[in-house]
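Visitor: This structure is in structure tokens; I'll ask about it shortly.
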Amino acid sequence: MTRRRATVVATAAAVLAVTAATGAAGWRQYQGRGPDVRAAAAEAAAGVRGMTPVGDPIPAEKGRRWSQAVTADGRVYAAADDDIAGSWVVAVDARTGRKLWTSAKYGAFWDYGGPIAFPGGLLLKVEGLVHVLDPATGKLRWTLDWEPNDELVVDGETLVRVFRTGAAEGYDLASGRRLWSAGAGADRPVHSLGMQTGDYDEVRVSFGMARITIADDDMVQVTKGGRVRVREMRTGKVLRTVEAGLPGATSVSAYRGRVFTAFQDNDGNPWQLRVTDLNGGGKARVLYSRPIELESRKFGPCGADRICLGVYDDFKSETAAVLIDIAKGTTVTTAMARFQVPAAADGRTSGVLISDVATSELFDTSGRLLLAERAAAWWIDDRDVLWQVYGDEQVTLSAVSTGTGRKTELATIAGRLGSCALDSALLACAVSPAADQPSELRVWRFAR
């Protein structure tokens, strides 16, 4: 089961428009709005106790197979491939399971290409092209021809292309009309991405050297000289420039007014994770200095004021998750994994998950181990984790409580799971029942 949600899509719950207030000195103050806090708390308190099918399974047409699934705006989008490098996208109503439309045929979704869904938009990455589709009808709106090392930042209205030179162009998402262009300037951008304000999942997608980022708010750029520049998506206007002191940043994330950068020089100094607060406008400060023998796997927010970092000791074959208090710049806890495999750490306000494709371990925020098994796992919400255990020709899915580590079995599915889309309300998967049967697209809704 390949999880597409965190790396390919931003779900409707995760990407909501943000009303930005103007603070001191005319600077925009970034605030996460996200889903209604009371509704989210009530949902999490209820917990997942089962899952029910939505509609009937949709078999792939003859000669085709389901390969990918993503979700946004109350729809499930699934890619269907054939054996002669052809690909289609099918949209399904997530409430009824009814097929809504089938797109025209496109080229093969190789190199981690395929559908990228977000509120108000649907993109298809096909080889060197990005097709913009109408998510309501599946009709092609327009196509962008782009090169390796280009970066794309998109929201429900605008697509921004940043060339490898640092120059940028903004396009209307619906029509493809160019809205603005900007030169690279003397201090050219080397990282461009969208500011995230909703859920805790990172949604940037990498295709080789090219990146696609879904923005909740403005576009953030880190320049070669280490400045942080904030642009308005629709107009390209530079809203502010912060002298952050970040030359040499190797990777960047932007979340709720903070810019997180990984930094590694060539002089043998420790790898560092730094944060720049755009609301405060100060220089970057160090959150974590990793010992030189450790390798970083992933970092991302695990709550509004915490960040989780996965590290791996190749010499000792040890994996750990480090929880860091962003405001204080201190380590809250370090959770050591029991399975000696390189794995990523993914956190929420209620805990942290260390997992790869075959092993998963769930910890609470104090670092206490709740459950460790040979299983694959993904967050459903702050309360529950979806736990997947393979048996002989079947898969057992369970919900694991982040409060107690208790497992509640949800379903046993005959066959194998392929790509799945997952959010707090539903699960959609490509299922291969048997070798001689066509693959099926199935949708379930979580019961609470």
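Under mature numbering (1 follows the signal peptide of the UniProt record, and there is no 0), residues -20 to -1, 1 to 428 are what the sequence shown spells out, in order.
The beta carbon of each residue, even a glycine, is placed where N, CA and C say it ideally should be.
1. Would you call Arg172 buried or exposed, if buried means 16 or more other Cβ atoms sit within 10 Å of its Cβ?
2. When you compare only the Cα positions, how much space is there between Thr203 and Arg220?
3. Within 10 angstroms of its Cβ, does Asp416 collect 16 or more other Cβ (buried), or is it exposed?
4. Just checking, does the segment 322 to 335 make contact with the segment 375 to 392 on the three C-beta pairs under 8 Å criterion?
5. Counting along the chain, where does the beta strand (DSSP E) carrying Glu137 start and finish?
6. Check whether the segment 57 to 68 touches the segment 155 to 167, taking contact to mean three or more Cβ pairs, one atom from each stretch, closer than 8 Å.
7. Measuring only the C-alpha atoms, how far is residue 437 from Val208?
8. Is Leu103 closer than 8 Å to Thr123 when the C-beta atoms are compared?
9. Among the candidates Met31, Gly43, Ala116, Pro37, whose CA atom is the shortest distance from the CA of Ala52?
10. Mind checking Gly260: buried by the 16 CB within 10 Å criterion, or exposed?
11. Starting from the Cα of Val106, find the closest Cα among Cys409, Arg157, Tyr86, Val291 and give me that residue.
12. Within 10 angstroms of its Cβ, does Pro281 collect 16 or more other Cβ (buried), or is it exposed?
13. Under three-state DSSP, which class holds Tyr250?
14. With a threshold of 7 Å on Cβ separation, who are the neighbours of Trp424 within its own chain once the five nearest residues in sequence on each side are excluded?
15. Skipping 5 residues on each side, what residues in its chain have a beta carbon closer than 7 Å to that of Ala378?
16. If we ignore side chains and look at the alpha-carbon of each, how far apart do Tyr151 and Arg141 end up?
17. By Cβ distance, which residues of its chain are closer than 7 Å to Ser412, with the 5 residues on each side in sequence left out?
18. Which word fits Arg265, buried or exposed, when buried means at least 16 other C-beta atoms lie within 10 angstroms of its C-beta?
19. Quick check: the Cα distance between Tyr57 and Asn129, rounded to an integer number of angstroms?
20. Put Phe240 into one of helix, strand or coil per three-state DSSP.
Guide: Concretely, from the data shown:
1. Arg is not the amino acid found at residue 172; the sequence shown has Ser there. That one is buried.
2. 13 Å
3. exposed
4. yes
5. Neither: Glu137 is in no beta strand (DSSP E) and is coded neither H nor E.
6. no
7. Nothing can be reported for residue 437: it is not among the residues displayed for the chain, which extend from -20 to 428.
8. no
9. Ala116
10. exposed
11. Tyr86
12. buried
13. Residue identity check: residue 250 is Pro in the sequence provided, not Tyr. Three-state DSSP puts Pro250 in coil, outside helix and strand.
14. Met31, Thr32, Pro33, Val34, Leu406, Leu407
15. Reading off the sequence, residue 378 comes out as Ser, not Ala. Closer than 7 Å at the Cβ level, and outside the excluded window around Ser378, lie Trp367, Lys387, Thr388, Glu389, Leu390.
16. 8 Å
17. Gly395, Arg396, Gly398, Ser419
18. exposed
19. 27 Å
20. strand
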